[in-house]
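Only one structure is covered here, and it is reproduced in the block below.
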Amino acid sequence: MKIAILGGTGALGKGLATRWIKSNHEIIIGSRKFDKAQHIAQSLGLDKSSGMLNIDAAKKCEIACLTVPYTHQEDILRSIEDSLKKKILIDATVPLIPPKIMRVQLPQEGSAALKAQLILGESTKVISAFQNISAELLQSTQEVDCDVLVTGNNFEARSTVISLVNDAGLKGWHAGPLCNSVAAEALTSVLISINKNHSIDHSGIKITGI
Ligand SMILES: NC(=O)c1ccc[n+]([C@@H]2O[C@H](COP(=O)([O-])OP(=O)(O)OC[C@H]3O[C@@H](n4cnc5c(N)ncnc54)[C@H](OP(=O)(O)O)[C@@H]3O)[C@@H](O)[C@H]2O)c1
0 MKIAILGGTG ALGKGLATRW IKSNHEIIIG SRKFDKAQHI AQSLGLDKSS GMLNIDAAKK
60 CEIACLTVPY THQEDILRSI EDSLKKKILI DATVPLIPPK IMRVQLPQEG SAALKAQLIL
120 GESTKVISAF QNISAELLQS TQEVDCDVLV TGNNFEARST VISLVNDAGL KGWHAGPLCN
180 SVAAEALTSV LISINKNHSI DHSGIKITGI
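In terms of numbering that gives the first Met the number 0, the numbers along the sequence shown are unbroken and rise by one, the last being 209.
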């Protein structure tokens, strides 16, 4: 698929790009800065032209993936909302509010993903995923021993994203409607606490009993 990673110059964006390039998806790196997008695209082994401004990346893709810090989620979505109509947006945003990132702090909309859906309206299918995966591990060649909870209101769109999760070498699970994204988003602060208190680099989650 032609996937635009919006904010794809950052840690998670580069990690997902690395994995999806390996499974032959066509990746577009989006950024606020044209030169930066092109530079990162090249550093990932892509053609320079695969790096572009977020707005152009959103226009050109079949499916978009948002990987920017929570504080900038609303601004970027408002700037590209028209280009995302009738498309799937994978939202990986975790509503972390530094410095208290070990504390679950949810937005008044309920979760970052619900906020994204409110901003974009129902013509964009927001699917939430990847909140509990370490970007550092994704950028490495290591196997990532962490499952991905995938939530969203449209079963078909959720299934599409689960295929992409699996293509990234991870195991994706249908975790219910978008309102359930709150669990995955909140879990990130739990995992950060576990990392800190148990001196672990990348704790993750695994569905058992299967
Ligand atoms: N890091 C992880 O391990 C991880 C894991 C799971 C989920 N997440 C979530 O994924 C999201 C991205 O995390 P990250 O660690 O990749 O973040 P990051 O590296 O700090 O930032 C990602 C990109 O966001 C863009 N950005 C920064 N300020 C912006 C603004 N004002 N407007 C628009 N774009 C802006 C930047 O791209 P340009 O400068 O090129 O525009 C930057 O490269 C966050 O919501 C995070 O909670 C992260």
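Think of the CB as a built atom: it goes at the ideal place given N, C-alpha and C, for glycine as much as any other residue.
Open item on the list: With a threshold of 7 Å (Cβ to nearest heavy atom), would Thr8 be considered close to ligand 1?
Closed with: The answer is yes for Thr8.
| For the putative contact between Leu105 and Val181, defined by C-beta atoms under 8 Å, what is the C-beta separation to the nearest angstrom? | Right, their Cβ atoms sit about 6 Å apart.
(request) Just mark Ser127 as buried or exposed, buried being the case when its beta carbon has 16 or more other beta carbons within 10 Å. (result) buried
Rounded C-alpha distance that separates Leu83 from Thr66: 15 Å
**OP:** Tell me whether the beta-carbon of Ile39 lies closer than 8 Å to the beta-carbon of Lys1.
**Re:** no
### Message
Tell me which residues share the same chain as Asn153 and place their Cβ nearer than 6 Å to its Cβ, disregarding the 5 neighbours each side in the sequence.
### Response
Scanning its chain for C-beta atoms nearer than 6 Å, with the 5 sequence neighbours on each side dropped, one finds around Asn153 the residues Lys124, in chain order.
Inter-stretch contact (C-beta, 8 Å, three-pair minimum) for the region 48-66 and the region 83-101:
yes
If you run the structure through DSSP and keep just helix, strand and coil, what is Ala210? With the chain covering only 0 through 209, there is no way to say anything about residue 210.
Please find out if some non-hydrogen atom of ligand 1 comes closer than 7 Å to the beta-carbon of His173.
no
Q. Just curious, the beta strand (DSSP E) that Leu65 is in, first and last residue?
A. Ile62 to Leu65
Could you tell me which residues DSSP pairs with Gly208 in its beta bridges? Per DSSP, none; premise fails for Gly208.
Note to self: Can you give me the C-alpha to C-alpha distance between Gln107 and Thr159, rounded to a whole angstrom?
What the structure shows: 29 Å
Any non-hydrogen atom of ligand 1 closer than 7 Å to Leu83 Cβ
no
*Expressed to the nearest angstrom, what Euclidean distance is found between the alpha-carbon atoms of Ile206 and Leu169?*
12 Å
Handout entry: Gly29 versus Gly6, Gly44 and Asp144, residue with shortest Cα-Cα distance
Key = If we check each option's Cα against that of Gly29, Gly6 comes out closest.
Practice prompt. With a threshold of 7 Å, establish whether the CB of Val160 neighbours any heavy atom of ligand 1.
Written response: no
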